[in-house]
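Following: one structure in structure tokens, then a few remarks.
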Amino acid sequence: MEHTNNASNKQLINSEAKAKAKRSRSPSESPEDRGQPSKTTLHRLNGLENDTEIYGASHFGEWGEYMQRKRAKLQIQNTSLEGPSDAKSDIFRGLAIYINGWTRPSVQELRKLIVTHGGVFQPYLDKKSLVTHIITCSLTPAKIREFKHMKVVRPEWLVESVDAGTLLPWTDYIFYPGGRAEASQGHPVGQTTLKPVSKSTPPPSPQVQVNRSESQSPASRSRSPSRPLYTTDPSTYEDAVRVPGYAMGQSNEMAERVMADPQWRAAHTSIAPDFIEGFYKNSRLHHLSMWKAELRSLVMEAQERAEREAFGNTQDRDGPVVQEKAGAQSTSTTDVSMGGVEFTLRSPTKNKGKCKAETNERVFMHCDFDCFFVSAGLTTRPHLRGKPVVVCHSQGNQGGASSTSEIASSGYEARSFGIKNGMSLRQAKQLCPSVVTIPYEFERYRDLSSQFYTILMRYADDLEAVSVDEALVDVSHGVASRRAAAPFSVNDYALSLAETIREEVKATTGCDVSIGIAENIQLARIATRMAKPAGLFHLRRDDVQKALEPLDIDDLHGFGYSTREKAKEKLGTANVGELAKKSKGQLCEALGKGTGETLYKAIRGIDDRKLESDKPRRSVSCDINYGVRFENNEQTETFIYRMAEEVARRMSDISVRGRSLTLKIMKRDPSAPKEAPKFLGHGICETFNKQTPLSSIHGQATNDSKDIGEHAWKLLKSFNFDPRELRGVGIQIQKLEKEGMAENSAQARLPFQPAFRAKTPDKAELVQVASGPPQIVVQPPSQEEILQRADVTAGVEEAPTHDIPSFSQVDKEVFDALPEDIREELENEYKRRSKSPTLNVPPPVPAERRPRIVVKGTSTDVKRITRQLAPRSKTTISPRKSTLFAKRVTRVGPSSVRVAEDELQELGIDPEVFAALPVDVQREQLITARHLKNGGALAEPKVLKYAKRKTRVYPKKPPPLASHPQHPFLKQQGPKKGDKLYFTRTDDVQRVIEAWVENFKEDPPNQKDVEYFSKFLVQSAESSDTGMEKTVAAMRWWLVLLRRHWEFYEHHDLLETEPVTQRMTSEKIGRAWWTAFREVKLKVDAIATKRFGGTLCLK
DNA sequence: ATCCTCCCCTAC
DNA sequence: TAAGGTAGGGGAGGAT
Ligand SMILES: Nc1ccn([C@H]2C[C@H](O)[C@@H](COP(=O)(O)OP(=O)(O)OP(=O)(O)O)O2)c(=O)n1
Ligand SMILES: [Mg+2]
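Mapping the first sequence onto full-length UniProt numbering, position 88 (from 1) lands on 88, and the numbers just tick up by one.
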């Protein structure tokens, strides 16, 4: 009862809170966002900056200008909202005001006041950079801490200023938590006493120079007993950011020195033997990703256990189904994986929330630790509570002020200085020199997380693991039973349940969680933001409108910077309230169909997304874009093979093999400095991806590190990059198949022998077909499994028609064992059909009469059945969207290669085996088989990948976090003179070009290859006379090669250009090369004309 | 129309 | 010194 009241109170308090903006924003945004005149200074002070800062700096003109326009626009929007004619005065000009919680006058009224008198209403708090003042009537203790260093003022300031017709000093209206109007009382939370500050110039102009000593250590000042709660101007974010950086000097002297030392590099970069292990042991993002996968897997297991309990009688009839095991147990014992943990879902399946009966009111909770890493660290460092604490690698002892170490998590005190997750320590120190750093403690995070999840699982109908510190929980049933257990005792059962959970987690882990509650996932997440820190918030339907209206769309989960900019660009606003006026069509046009619709609904508080607790994995990858520095190809090859081992290990940990490999390469952008500004970082890079079918020597899906390594290395070689320029490598395996699904059953072998592999090993490999059975067993969820055992055989027709089996064919026992909701859905469907005989339900075709067209499916009927039951268009099944397997089936609707069984037999391909393959593997095999049958004639299509780049209309900006593997923006600066090109350093021009062309003959170029190759030659020609010579030499040799390989096309369609498309035949490749050659020659000719007054002679 | 690939984007 | 990983949703546009 008590906690219930508590909860209600909290809600009351929190319901006044405004949503805060998204957490992570580009660190570099802050200064520029404010368009401070000091930004150049800032840049200079910063000395060697990290990438984002560099970007900000080198593109400053463009970006800064953009931000100014943006700000102007924002103000215009703000004012025009109220109608320009309403503008009454300018007294609030320069103010950006955030209104916290419930106020009197109301938020709406205050907003109007602000806007009509020239100020800016800021709906988000952590666009702190923009907020000059906070208006409030009440604060929670947590907020008090949060706002400690900001100007917090009572609403009267605005009202009375307007009345007075001039801006009154804000310091006369400072808000004091304990006391009411007057500025003298003490207050609850052990805050300092409150004394009006001396300085009374209200809005700090951006130029205000900071008094260094005053702003240096706000934290220590906050300890002083006779100090105002809210300090004077200088220590707010915007001023703090201008605090001159002290030890700002040249980057990290130490770091620089050390980087120059070859010995050190040998020991600490990618060429070190244990580099990968060491890197992963310390990478927070790696841990985050691994934990997420493990948690999902653990949750899935828990659910399956729960379901098995509920249907115990039917399980294991046909032997166990291979399940993805959680926690990569095979890794060493000292690791920090979740291995060994087991969760128990609160209740068996019937509560899983899919029953139509109680479907009306779902209740979702979004639970998230407050500043997780910091909270975890503070559990054993209580003396640091109340200090601005951050977690990062650098412990900032010496050189910390110039550290590029990234902050994983910042505590709330630190945030009040403007420090954010993802910032570099250097930036943080600028904002708050007294910041305290604590190290990572991955084991602890794991332990706390597993306690957290254990608690959540007890209350969950269903649960989606979002992250190590965050989960989405369906608690509909739990709330309902609370209500049933004690009717009318509480007015908000969800809130009371949340309070229970919150307190339990706090008691168990010692850390605060915040919980947002709402009827759907999107809203629950928004509620969480309002709940933070250390609070609860139930966002009710009635308040949704109000809560959403002030947000920008990037405050919604799933919408980020890019979407926001697109919206602004194409719709004129990114504000949710404004966008609510746009039609669905407009949104779709601007953002794409799916995104537009999602947004349209999200804006209205609608979100149909289901919890995703049981999706099987579809890819496994391993990326390292840190510390990658090679001197030669041998080192590179070694590293690739090591990475291959890593991926292979991860695959075997979860018992999958793969059929497709993508290599992801980052190469230093020629215009970027050799050494990245971030210590051992990748710097500005160009990226190159290439995909290849992956197979063992037998043509099977594989997880063998040797297979993977070979494929990856071959791809990397095909790029012909200077190894010294590589800055990142990734290997991703797709088209996964579950391992171990019986190497047992007899299968026909293709007649091809290994001898075939002689010339083109890869293709020949493809032709080899599995000696094992088809192995596409996509972790069938239990229902599917049961269906499978129902021994249902649906017909397959030429134009495959899919349907659920006729009712009589369904094994009753199995049917009865189905979960209630599924049974219900099936029943409905059967009922519906019996009532509408007009429905075209083709009778099942007997198995022996199966048509000659092979339809891809799995080796079992699982896929077919799931597909049949999955939501699909008009033809057969109900128009109503079946929710049955919507979330379970990942790969809906297998497609098929149409081929007569006869031909397959002729080609020596077992139709059954063939049918089990993914469609593009089918294609490959077919092509190769036909090719070989025809005696190796040319003209076989080859899979290529390339998608045209979309042009970006909105300004470029680095992604918010430096941890993004690539800054997709800002690659546009052309090469500079003096940039070394690989091939200018290679005397053997012929060899290079030859390797290139040869390579692409085997492995056709994609658009990027051609562009790159061309750019190469042109750049070289531009760079110097010697470069020109080399280009000419190269082109001569190129010409020779082209004539040798594709002579026929030299004069073919001279006016046509052959685009590089997804599927290239030999002919197209040849023509594309000639096209490229002609284009390069044109360009080089132009250069030569300018420089030498003549064109090339390639004779 | 539907699938598939590549790429971009987002999240922690 | 620092440890910028990783998986999935979705759009564009070619292939079927
Ligand atoms: N750029 C980032 C963002 C997050 N994390 C890690 C550290 C965080 O503690 C944890 C959880 O991320 P949250 O987004 O939930 O951030 P916090 O928990 O730190 O803060 P809060 O949830 O209170 O906003 O993930 C990280 O390493 N790097
Ligand atoms: Mg958190």
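Ideal Cβ placement from N, Cα and C applies to all residues, glycine included.
From the options, pick the residue whose C-alpha is nearest to that of residue i; which is it?
i, options, result
"Ser-660", "Leu-917, Trp-1037, Asp-1025, Glu-1029", "Leu-917"
"Glu-464", "Thr-598, Ile-134, Arg-1071, Ser-613", "Ser-613"
"Lys-148", "Leu-907, Gly-386, Phe-719, Trp-264", "Gly-386"
"Met-651", "Gln-732, Lys-593, Gly-577, Thr-573", "Gln-732"
"Thr-508", "Arg-529, Ala-494, Met-150, Thr-454", "Thr-454"
"His-366", "Val-152, Tyr-459, Leu-378", "Tyr-459"
"Leu-345", "Thr-380, Leu-298, Gly-339, Ala-485", "Leu-298"
"Ser-292", "Arg-617, Ile-1087, Ala-524, Ala-485", "Reading off the sequence shown, one finds Lys at residue 292, where the question assumed Ser. Comparing Cα positions, the closest option is Arg-617."
"Ser-696", "Lys-706, Ala-1021, Lys-610", "Lys-706"
"Ser-89", "Gly-119, Leu-110, Arg-104", "Gly-119"
"Lys-664", "Asp-653, Asp-902, Gly-730", "Gly-730"
"Ile-438", "Ser-394, Glu-901, Phe-279, Pro-105", "Ser-394"
Please go through the same chain and pick out, in chain order, the residues whose beta-carbon is closer than 8 Å to the beta-carbon of residue i, but skip the five residues on each side of it.
i, result
"Leu-1082", "none"
"residue 1114", "Because residue 1114 is not part of the residues shown, which for the chain are 1 to 1099, the question remains open."
"residue 1100", "Residue coverage of the chain in this structure runs from 1 to 1099, which leaves residue 1100 outside it and unanswerable."
"Glu-589", "Lys-570, Gly-596"
"Glu-1050", "Leu-1042, Arg-1043, Trp-1074"
"Ala-266", "Ala-272"
"Asp-166", "Looking at the sequence shown, residue 166 is not Asp but Thr. For Thr-166, where only same-chain residues beyond five positions count, the Cβ hits under 8 Å are Ile-91."
Apart from the five residues just before and just after residue i, which ones in its own chain have a Cβ nearer than 6 Å to its Cβ?
i, result
"Val-544", "Gly-605"
"Phe-60", "Residue confidence is low: Phe-60 scores 21 on pLDDT, short of 50, so the model does not pin down where it sits. Its coordinate-derived value is still stated next. So the list is empty, once near-sequence residues are dropped."
"Ala-1086", "none"
"Gly-577", "Glu-549"
Who are residue i's beta bridge partners in DSSP?
i, result
"Gly-728", "Met-666"
"Glu-686", "Lys-667"
"Asp-368", "Glu-470, Ser-514"
If you check the beta carbons only, do residue i and residue j fall under 7 Å apart?
i, j, result
"Ser-410", "Val-390", "yes"
"Thr-636", "Pro-533", "no"
"Asp-492", "Ser-476", "no"
"Glu-413", "Pro-382", "no"
"Tyr-173", "Val-153", "yes"
"Ile-135", "Ile-99", "yes"
"residue 1162", "Ala-498", "No information on residue 1162 is available, as it lies outside the stretch 1 to 1099 that the chain covers here."
"Ser-138", "Gly-94", "no"
"Ser-416", "Glu-146", "yes"
"Val-647", "Gly-728", "no"
"Gly-516", "Thr-500", "no"
"Ala-580", "Ala-574", "no"
"Leu-495", "His-557", "no"
"Ala-164", "Thr-132", "no"
"Leu-1017", "Val-1080", "yes"
"Leu-611", "Asp-474", "yes"
"Lys-667", "Leu-726", "yes"
"Arg-657", "Thr-702", "yes"
Cutting at 7 Å between CB atoms, please list the residues of its own chain near residue i, excluding the five before and the five after it.
i, result
"Thr-692", "Leu-661, His-711, Leu-715"
"His-287", "Val-336, Phe-442"
"Leu-168", "Trp-157, Glu-160, Ser-161"
"Arg-525", "His-366, Gly-516, His-557"
"Phe-121", "Asn-78, Ile-97, Arg-111, Ile-114, Val-115"
Give, in chain order, every unbroken run of the alpha helix (DSSP H) that is at least 4 residues long and sits entirely within the region 531 to 579. Qualifying alpha helix (DSSP H) stretches, in chain order: 541 to 548, 561 to 571, 576 to 579.
List, from N- to C-terminal side, the alpha helix (DSSP H) runs of 4 residues or more that fit wholly inside the region 437 to 490. The qualifying runs are 442 to 459, 476 to 485.
Could you pull out every unbroken alpha helix (DSSP H) segment of at least 4 residues lying fully inside the region 113 to 166, listed in chain order? Qualifying alpha helix (DSSP H) stretches, in chain order: 141 to 146, 156 to 164.
Completely contained alpha helix (DSSP H) runs for the region 582 to 670, where each covers 4 or more residues: If we require 4 residues or more, the alpha helix (DSSP H) runs fully inside the region 582 to 670 come out as 584 to 591, 593 to 603, 633 to 653.
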